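The structure appears below as structure tokens.
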Ligand code: DC
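Residue numbers (the numbering used here): 49 to 275.
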């Protein structure tokens, strides 16, 4: 990749708009690194729950953060990067609804955000990265060359998420999924620190009626315009 211009691509947006799907495909095609910033907040939440950390107490949060090591480790079989917490692969456990129910609360804590954002900025210092999340284009990389803001009709998003979770847990209901999605979007966009919002210079990608192929083509076209 020597001599090739490298940029930072940020993908923010509402829950279950397919940010990570697009980010992974884009990173693969560009031969860039893909970082799922939400996985970091999910792994921190897992640590807090397992260790009964009372996150309403700032000292307890600070103390717990000192014991957390997050790493993105490449799985050579799948070719994907996976989230590791203190030497354990937690990529699958962190997708559970138990984590989804608490993660927005944990991600709203200032100290937690500072902890995660510092690491995210470090990962992007050499560019050549696609990172998805909620505040990547606004806070983590405000000078990113390409910022994409993803949205989709709520009904479409609930269906997509339901399908994904139902495969792992057939007892899950559409109502539970809808409630969790609405709650997360509300907390994520109303929190004091780095709320979810579209960066002024972000391009909007509404994929309610797009196929994965169409959305990837759109994102690739935008990327090539910046290269
Ligand atoms: O993208 P996700 O659903 O895995 O993210 C999990 C939660 O983490 C989401 O509810 C909001 C939070 N999050 C955040 O606050 N900032 C980010 N950059 C990424 C995720």
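We treat Cβ as the ideally placed atom computed from N, Cα and C, and that holds for glycine. None of these values were measured; they are calculated from a predicted model.
Residue from the options whose Cα sits closest to the Cα of residue i
i, options, result
"residue 46", "224, 177 and 115", "Look at the range of the chain in this structure, 49 to 275, and you will see that residue 46 is not part of it."
"residue 80", "52, 63 and 86", "52"
"residue 206", "263, 164, 73 and 229", "229"
"residue 188", "221, 90, 171 and 202", "171"
"residue 237", "143, 209 and 156", "156"
"residue 267", "72, 111 and 159", "72"
"residue 199", "214, 263 and 154", "263"
"residue 82", "58, 204, 112 and 151", "58"
Cα-Cα separation, residue i to residue j
i, j, result
"residue 190", "residue 219", "41 Å"
"residue 133", "residue 185", "25 Å"
"residue 197", "residue 96", "30 Å"
"residue 86", "residue 239", "16 Å"
"residue 77", "residue 129", "15 Å"
"residue 158", "residue 62", "20 Å"
"residue 209", "residue 64", "6 Å"
"residue 254", "residue 273", "19 Å"
"residue 102", "residue 93", "11 Å"
"residue 147", "residue 126", "24 Å"
"residue 181", "residue 167", "14 Å"
Residues near residue i in its chain [Cβ-Cβ closer than 7 Å; skip 5 each side]
i, result
"residue 275", "53 and 55"
"residue 149", "228"
"residue 165", "187 and 188"
Exposed unless 16 or more other CB atoms sit within 10 angstroms - verdict on residue i
i, result
"residue 67", "buried"
"residue 252", "exposed"
"residue 70", "buried"
"residue 223", "exposed"
"residue 98", "exposed"
"residue 179", "buried"
Contacts around residue i, its chain only, beta-carbon distance under 8 Å, and the 5 residues preceding and following it disregarded
i, result
"residue 137", "121, 130 and 131"
"residue 201", "256"
"residue 154", "89, 92, 93, 96, 103 and 160"
"residue 270", "194, 196 and 251"
Own chain, CB closer than 6 Å to residue i, minus 5 neighbours either side, in chain order
i, result
"residue 226", "206"
"residue 241", "158 and 161"
"residue 117", "134"
C-beta neighbour in chain B for residue i, strict 7 Å
i, result
"residue 86", "In the displayed structure, chain B is absent; only one protein chain is listed."
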